[in-house]
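Numbering (my numbering), first residue to last: 110 to 305. Ideal Cβ placement from N, Cα and C applies to all residues, glycine included. The structure appears below as structure tokens.
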């Protein structure tokens with residue numbers, strides 16, 4: 110079984126009850142979207158910290174990768190919103206073709222393949238190959254909600270969808286547990302790593 114989010118609901122529970130749950134969930138999802146309201150149980154996000162590869166210690170926060178364990182019901186709702194954005198808005202104004210993140214059929218492997226291909230072509234043509242690499246530290250953790258909203262407005266995503274996304278980000282409650290102690294917070298920026 111996959112680990113549940115803050116609501117304690119396992120995906121297997123949803124799969125077993127699909128026949129009964131689908132009509133009810135459709136109503137709940139529609140209400141959530143139209144009211145821009147997300148149930149508190151869905152907003153509770155358990156964060157587990159996984160040590161980054163190559164780090165000799167995991168004492169410092171930056172030595173760990175935070176993974177958000179969100180409610181599966183929220184993830185389903187996020188996927189519905191994501192599909193709508195892809196079909197309605199990104200089809201008219203697609204992501205940059207050279208971008209490899211968040212695009213079906215693209216990955217770090219395809220990005221590396223494209224890079225190697227460009228270098229090989231330059232070498233074959235006896236040209237210089239110049240590269241510039243940028244690593245944005247804490248990109249997921251430090252993205253401002255306003256910049257996400259501006260990007261969505263720039264792509265002309267409908268205001269209700271933007272409102273729902275803002276509520277999902279601004280009202281989430283992240284918590285972590287260690288040795289019987291628990292700490293909770295409402296983040297003021299950032300996106301959940303492991304989210305849709």
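Looking at the secondary structure, which residues open and close the alpha helix (DSSP H) in which residue i lies?
i: residue 132; result: 127 to 144
i: residue 190; result: 181 to 194
i: residue 149; result: 149 to 152
Quick check: the Cα distance between residue i and residue j, rounded to an integer number of angstroms?
i: residue 144; j: residue 113; result: 25 angstroms
i: residue 267; j: residue 275; result: 13 angstroms
i: residue 131; j: residue 231; result: 55 angstroms
i: residue 294; j: residue 279; result: 11 angstroms
i: residue 148; j: residue 115; result: 11 angstroms
i: residue 265; j: residue 190; result: 15 angstroms
i: residue 227; j: residue 233; result: 10 angstroms
i: residue 139; j: residue 236; result: 56 angstroms
i: residue 221; j: residue 163; result: 21 angstroms
i: residue 283; j: residue 188; result: 20 angstroms
i: residue 269; j: residue 210; result: 25 angstroms
i: residue 285; j: residue 244; result: 27 angstroms
i: residue 167; j: residue 119; result: 29 angstroms
i: residue 199; j: residue 111; result: 31 angstroms
i: residue 291; j: residue 157; result: 12 angstroms
i: residue 298; j: residue 261; result: 16 angstroms
i: residue 224; j: residue 212; result: 17 angstroms
i: residue 249; j: residue 300; result: 5 angstroms
i: residue 127; j: residue 165; result: 45 angstroms
i: residue 134; j: residue 229; result: 52 angstroms
i: residue 123; j: residue 169; result: 37 angstroms
i: residue 242; j: residue 289; result: 42 angstroms
i: residue 204; j: residue 215; result: 12 angstroms
i: residue 186; j: residue 136; result: 12 angstroms
First and last residue of the beta strand (DSSP E) that includes residue i?
i: residue 284; result: 282 to 287
i: residue 206; result: Unbroken run through residue 206: none, as it is neither H nor E.
i: residue 174; result: 173 to 178
With DSSP as the reference, label residue i as helix, strand or coil.
i: residue 221; result: helix
i: residue 120; result: helix
Taking 7 angstroms as the line, does the beta carbon of residue i fall inside it for any heavy atom of the ligand ADP?
i: residue 196; result: In the structure on display, the ligand ADP does not appear, and there are no ligands present to speak of.
Practice problem: Can you check the region 226 to 304 for any alpha helix (DSSP H) of at least 4 residues that lies completely inside it and give the ranges in chain order? | Solution: 248 to 251, 254 to 263, 268 to 279
Practice problem: Decide if the region 150 to 164 is in contact with the region 173 to 180; the criterion is three or more beta carbon pairs, one per stretch, under 8 angstroms apart. | Solution: yes
Quiz item: Does the region 248 to 258 come close enough to the region 275 to 290 to have 3 or more Cβ pairs within less than 8 angstroms?
Solution: yes
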